[in-house]
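Peer 1: Each residue of the sequence shown is one higher than the one before, starting from 5 at the first, in this note's numbering.
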Amino acid sequence: MSAPLVTILDDEPEIRAILTEALEEAGFRTQCFGRAREFEAALQRVTPDVCLVDLSLPDTDGLALVHRLALERGATVIIISGRAQVQDRVTGLELGADDYITKPFDPAEVVARIRARLRAGRAAPQSGQTARFNGWTAHFDRYVLEDESGAETPFSHAEGEVLRLFLDSPKRLISRTQMQDALGGAAGESFDRAMDVRVSRLRTKLRENPKNPRLIKTIYGAGYIFLGDVIWG
């Protein structure tokens with residue numbers, strides 16, 4: 005089995021060099037890009053295991069790129085940015101990023117965060133790639149929800165991780181601590197907010213009544229319970 009491939013998109017050569025050295029010493033393969041145009045062209049030829057993306061890019065809006073990667077490609081995306089405000093982190097996570105690391109960073113932390121994301125990804129497929137529940141079918145190989153009429157709604161990689169966590173443990177309380185452990189995020193306000201947003205978006209895609217959701221229930225102060233009847237396969 006080949007080593008995991010990490011793509012690095014950052015317009016600063018020094019940052020690319022630091023990340024490349026740390027990742028290759030840790031056993032990863034890397035590809036580096038200074039422009040989003042080159043990066044997106046390369047994605048047509050190869051699918052990386054993790055994308056490291058800076059937000060301050062000279063030729064595109066970094067947040068829009070993160071959203072495209074997460075929603076349209078189902079990519080695992082970690083933002084590395086000098087924008088350190090909580091709202092910046094929350095926005096990045098809300099748009100589909102799996103993690104957010106601020107500059108300046110410790111290369112060892114970046115390696116650890118990538119390994120955590122890959123562990124979460126390896127654990128996820130144990131149940132299979134298709135789940136049926138309450139008139140819906142979730143296709144995790146294509147990142148779409150299909151209703152009874154056959155209409156499809158896409159979901160992001162990050163939203164899919166939360167959905168799979170619910171479908172793997174129906175009718176059981178899932179605490180925020182369990183979510184943080186399973187999904188490999190950094191605990192804190194931005195992680196909690198991102199989970200709330202992902203759950204809210206899943207409810208919208210499942211056409212839930214926001215005032216009285218019947219599938220994903222919030223247990224205030226404790227976590228969430230998924231009340232659907234799930235069949236994998």
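Using N, Cα and C, we set each Cβ at its ideal position, and we do this for glycine too.
Tell me the rounded alpha-carbon separation between A88 and G96.
Peer 2: 11 Å
Peer 1: Could you check whether the Cβ of A112 sits closer than 8 Å to any Cβ belonging to chain D?
Peer 2: The structure shown contains no chain D, having only a single protein chain.
Peer 1: Please classify I220: is it buried, with 16 or more other beta-carbons within 10 angstroms of its beta-carbon, or exposed?
Peer 2: buried
Peer 1: Would you call the segment 139-154 in contact with the segment 173-183, where contact means no fewer than 3 C-beta pairs closer than 8 Å?
Peer 2: No: the two stretches stay apart, fewer than three of their Cβ pairs being nearer than 8 Å.
Peer 1: For I60, count neighbouring Cβ atoms within 10 angstroms of its own Cβ and tell me buried if that reaches 16, exposed if not.
Peer 2: The residue asked about is misnamed: residue 60 is Ser in this sequence, not Ile. So S60 counts as exposed.
Peer 1: Starting from the Cα of R146, find the closest Cα among E152, G132, R121 and give me that residue.
Peer 2: G132
Peer 1: Compute the beta-carbon to beta-carbon distance between D65 and P8, rounded to the nearest angstrom, for a pair I have assumed lies under 8 Å.
Peer 2: At roughly 27 Å, the Cβ-Cβ gap does not stay under 8 Å, so D65 and P8 are not in contact.
Peer 1: Consult DSSP for R33 and reduce its assignment to one of helix, strand or coil.
Peer 2: strand
Peer 1: Output needed for R41: all residues of its chain with C-beta closer than 8 Å, excluding positions within five of it in sequence on either side, in chain order.
Peer 2: D63, T64
Peer 1: Run through DSSP, which three-state label would A46 get?
Peer 2: Judged by DSSP in its simplified three-state form, A46 adopts helix.
Peer 1: Can you tell which of A120, L73, F159, V10 has the C-alpha that lies nearest to the C-alpha of K209?
Peer 2: Per the Cα distances, F159.
Peer 1: Take I229 as the anchor and find which of L177, P214, L169 has the nearest alpha-carbon.
Peer 2: L177
Peer 1: Report the partner residues of P62 according to the DSSP bridge assignment.
Peer 2: Partner(s): none; P62 has no beta bridge.
Peer 1: With a Cβ-Cβ cutoff of 8 Å, do V70 and I83 count as a contact?
Peer 2: yes
Peer 1: Return helix, strand or coil for P17, following the three-state DSSP convention.
Peer 2: helix
Peer 1: Could you work out which residue in S153, A30, L67, F37 is closest to Q91 when comparing CA atoms only?
Peer 2: L67
Peer 1: Would D58 be called buried (16 or more neighbouring beta carbons within 10 Å of its own) or exposed?
Peer 2: buried
Peer 1: Start and end of the alpha helix (DSSP H) containing E163?
Peer 2: 161-172
Peer 1: In chain order, what residues of the same chain lie with their CB nearer than 7 Å to the CB of R117, ignoring the 5 residues before and after it?
Peer 2: I82, D103, I105
Peer 1: Does DSSP classify D233 as helix, strand or coil?
Peer 2: coil
Peer 1: Please go through the same chain and pick out, in chain order, the residues whose beta-carbon is closer than 8 Å to the beta-carbon of R121, but skip the five residues on each side of it.
Peer 2: Residues V54, T80, I82, D102, D103, G188 of the same chain have their beta carbon placed closer than 8 Å to that of R121, with the five preceding and five following residues left out of the count.
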